Amino acid sequence: ANDLLWWERANSLKEEFRKKVFWGIEGKQVIINLSYLEKFLDKVVKKLDIGISKAKDKKTGVYFSYFTYQIKEYELEEYQYIKPKKVTLKPLPLFLEAPVHALRVNKEVELYRKVKKTSLYDKKLKMYRLNVSLKECPLEIGRSRIFPRGWLENESIWLHMEYKYLLELLKNGLYEEFYKEIFKCGICFLNPTAYGRSILENSSFIVSSVYPDKSLWGKGFVARLTGATSEVLNIWILMCLGKNPFFVDKNNNFCIKFSPILKGDLFTKRGTTINLDNKVRKLEPNTFAFKLFSSILVIYYNPKRKNTYSENIKIEKIIIDDGNQKTVLKDSLIKPPLSYKIREAKVREIEVHFS
325 ANDLLWWERA NSLKEEFRKK VFWGIEGKQV IINLSYLEKF LDKVVKKLDI
375 GISKAKDKKT GVYFSYFTYQ IKEYELEEYQ YIKPKKVTLK PLPLFLEAPV
425 HALRVNKEVE LYRKVKKTSL YDKKLKMYRL NVSLKECPLE IGRSRIFPRG
475 WLENESIWLH MEYKYLLELL KNGLYEEFYK EIFKCGICFL NPTAYGRSIL
525 ENSSFIVSSV YPDKSLWGKG FVARLTGATS EVLNIWILMC LGKNPFFVDK
575 NNNFCIKFSP ILKGDLFTKR GTTINLDNKV RKLEPNTFAF KLFSSILVIY
625 YNPKRKNTYS ENIKIEKIII DDGNQKTVLK DSLIKPPLSY KIREAKVREI
675 EVHFS
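Under the working numbering, the first residue of the sequence shown is numbered 325, with each subsequent residue one higher.
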């Protein structure tokens with residue numbers, strides 16, 4: 325009853341506010357006491373914490389994403405409006421979306437473990453489904469319910485959402501957990517035959533192992549510029565550069581620091597060659613290369629094949645080649661003027677040597 329009363333009053337205030345500002349705001353400035361604002365925000369946090377705790381599934385420890393509400397008692401006002409007096413809440417089965425958002429504010433590895441124990445995790449494909457079974461839900465919940473299980477928006481491997489989940493693992497510093505998943509979930513690491521198309525392109529969804537036709541399990545459908553592309557770019561940047569590669573120091577100097585989040589297994593095991601701008605470039609064993617700003621070749625040298633996010637690794641030297649001369653830095657920090665040359669893409673190649 326209290327929750328319903330709060331909901332009614334809070335929404336009435338929002339609707340009233342919307343009426344006042346719909347055509348513009350007055351522009352008046354009002355001074356608010358800091359202590360008043362602090363007390364208000366404390367109450368907001370408490371209210372949110374209560375709501376979040378109620379949204380957790382007691383059985384799995386994973387948060388629900390969506391809910392349905394049924395009006396049990398109501399009043400008819402002026403024969404036009406219904407005023408709810410008693411409402412019952414029923415959560416829909418688990419979706420991957422809530423854990424994605426929860427990971428943004430909860431860095432505990434336990435949440436990851438709990439998600440993996442649910443049927444959101446496809447044990448046969450070793451990937452993450454969009455949702456668990458909806459077969460007990462009515463058609464009223466929306467179009468997800470009309471698709472066969474494992475297809476499109478019903479229990480498939482919805483790539484955009486799965487990559488969101490992987491991205492949050494990486495952003496939260498759960499690096500070992502991230503690498504346990506990315507080699508099995510990342511499209512570029514899949515078997516092209518099993519995937520059914522080029523592993524250089526994403527799909528909207530991958531058929532999961534609950535789909536009736538087993539021959540389609542693991543195959544990607546509707547290849548296009550999916551939302552997953554933005555997550556791939558985010559993941560790629562974090563893996564190759566780290567969280568804060570570019571920053572301004574206390575002296576207002578623009579600096580660059582390479583802090584890649586790379587598993588040792590990602591470094592080459594033997595020498596190889598790449599075709600770069602119509603030129604053949606040799607890469608030594610134990611290296612990892614990528615292009616910065618689509619023009620600068622960056623090569624990481626990791627002779628001991630350590631994880632670059634481990635505590636027992638450091639940058640020994642950096643070699644910057646602008647095409648005319650090479651500059652050797654015995655430091656992990658790149659300061660002006662070299663940092664500006666790199667940012668302006670006036671550098672041809674950067675070597676970063678780890679020890």
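Each residue gets a CB set at the ideal place from its N, CA and C atoms; glycine is no exception. Small disclaimer: the values here were computed from a predicted structure and weren't measured.
Helix, strand or coil at residue i [DSSP, three-state]
{"i": "ARG605", "result": "strand"}
{"i": "GLY375", "result": "helix"}
{"i": "GLY588", "result": "helix"}
{"i": "THR680", "result": "Coverage of the chain is limited to positions 325 through 679, which leaves residue 680 absent and any answer about it impossible."}
{"i": "ASP655", "result": "coil"}
{"i": "GLU421", "result": "helix"}
{"i": "ASN599", "result": "strand"}
{"i": "ILE523", "result": "coil"}
{"i": "PRO408", "result": "strand"}
{"i": "ALA613", "result": "strand"}
{"i": "LEU491", "result": "helix"}
{"i": "LEU400", "result": "strand"}
{"i": "LEU483", "result": "helix"}
{"i": "VAL534", "result": "coil"}
{"i": "THR392", "result": "strand"}
{"i": "ASP646", "result": "coil"}
{"i": "ASP573", "result": "coil"}
{"i": "CYS512", "result": "helix"}
{"i": "CYS579", "result": "strand"}
{"i": "GLU675", "result": "strand"}
{"i": "TRP475", "result": "strand"}
{"i": "PHE507", "result": "helix"}
{"i": "TYR499", "result": "helix"}
{"i": "ASN326", "result": "helix"}
{"i": "ASN636", "result": "coil"}
{"i": "LYS414", "result": "strand"}
{"i": "LYS363", "result": "helix"}
{"i": "VAL456", "result": "coil"}
6 Å CB neighbourhood of residue i in its chain, flanking five on each side removed
{"i": "TYR624", "result": "PHE612, VAL676"}
{"i": "ARG437", "result": "none"}
{"i": "LYS448", "result": "SER533"}
{"i": "ILE395", "result": "PRO408, VAL411"}
{"i": "HIS425", "result": "none"}
{"i": "GLY474", "result": "SER480, VAL531, SER532, VAL534, TYR535"}
Residue i, buried or exposed, once every other Cβ within 10 Å from all chains shown has been counted against 16
{"i": "LYS587", "result": "buried"}
{"i": "TRP560", "result": "exposed"}
{"i": "ASP601", "result": "exposed"}
{"i": "GLU668", "result": "exposed"}
{"i": "ASN470", "result": "Checking the displayed sequence, the identity of residue 470 turns out to be Ile instead of Asn. Exposed is the call here."}
{"i": "GLU399", "result": "exposed"}
{"i": "ASP655", "result": "exposed"}
{"i": "TRP330", "result": "exposed"}
{"i": "TYR503", "result": "buried"}
{"i": "ASN610", "result": "buried"}
{"i": "ALA552", "result": "buried"}
{"i": "CYS564", "result": "buried"}
{"i": "TYR403", "result": "exposed"}
{"i": "PHE364", "result": "exposed"}
{"i": "ILE598", "result": "exposed"}
{"i": "SER663", "result": "buried"}
Close Cβ partners of residue i (< 8 Å) along its chain, the five nearest in sequence each way excluded
{"i": "GLU608", "result": "THR592, GLY595, TYR625"}
{"i": "LYS441", "result": "THR384"}
{"i": "GLY566", "result": "LYS581, PHE582, SER583, PRO584, ILE585"}
{"i": "VAL386", "result": "LYS380, LEU418, ALA422, PRO423, LEU435, LYS438, VAL439, THR442, LEU444"}
{"i": "CYS512", "result": "ILE523, LEU524"}
{"i": "SER457", "result": "PRO417, SER443, ARG473, GLU479, VAL534"}
Cut-off 7 Å between Cβ atoms - residues of its own chain near residue i, not counting five sequence neighbours on either side
{"i": "GLY647", "result": "ARG672"}
{"i": "ASN558", "result": "LEU491"}
{"i": "PRO627", "result": "ASN610"}
{"i": "ASN496", "result": "LEU427, LYS431"}
{"i": "ASP573", "result": "CYS579"}
Distance CB(residue i)-CB(residue j) smaller than 9 Å
{"i": "ILE530", "j": "LYS543", "result": "yes"}
{"i": "LEU420", "j": "GLU505", "result": "no"}
{"i": "GLU479", "j": "VAL534", "result": "yes"}
{"i": "LYS409", "j": "GLU401", "result": "no"}
{"i": "ILE465", "j": "TYR390", "result": "yes"}
{"i": "PRO472", "j": "PRO415", "result": "no"}
{"i": "CYS509", "j": "LYS450", "result": "yes"}
{"i": "THR651", "j": "ILE643", "result": "yes"}
{"i": "LEU498", "j": "ILE481", "result": "no"}
{"i": "LYS488", "j": "ASN577", "result": "no"}
{"i": "LEU483", "j": "ASN526", "result": "yes"}
{"i": "LEU657", "j": "CYS579", "result": "yes"}
{"i": "ILE674", "j": "LEU616", "result": "yes"}
{"i": "ILE637", "j": "ILE666", "result": "no"}
{"i": "GLU477", "j": "ARG467", "result": "yes"}
Distance between beta carbons of residue j and residue i, contact taken as under 8 Å
{"i": "GLU546", "j": "SER528", "result": "In the sequence on display, residue 546 carries Val and not Glu. About 4 Å separates the two Cβ atoms, so the contact holds."}
{"i": "PHE678", "j": "THR632", "result": "7 Å"}
{"i": "GLU332", "j": "VAL433", "result": "Not confirmed; about 40 Å, so no contact."}
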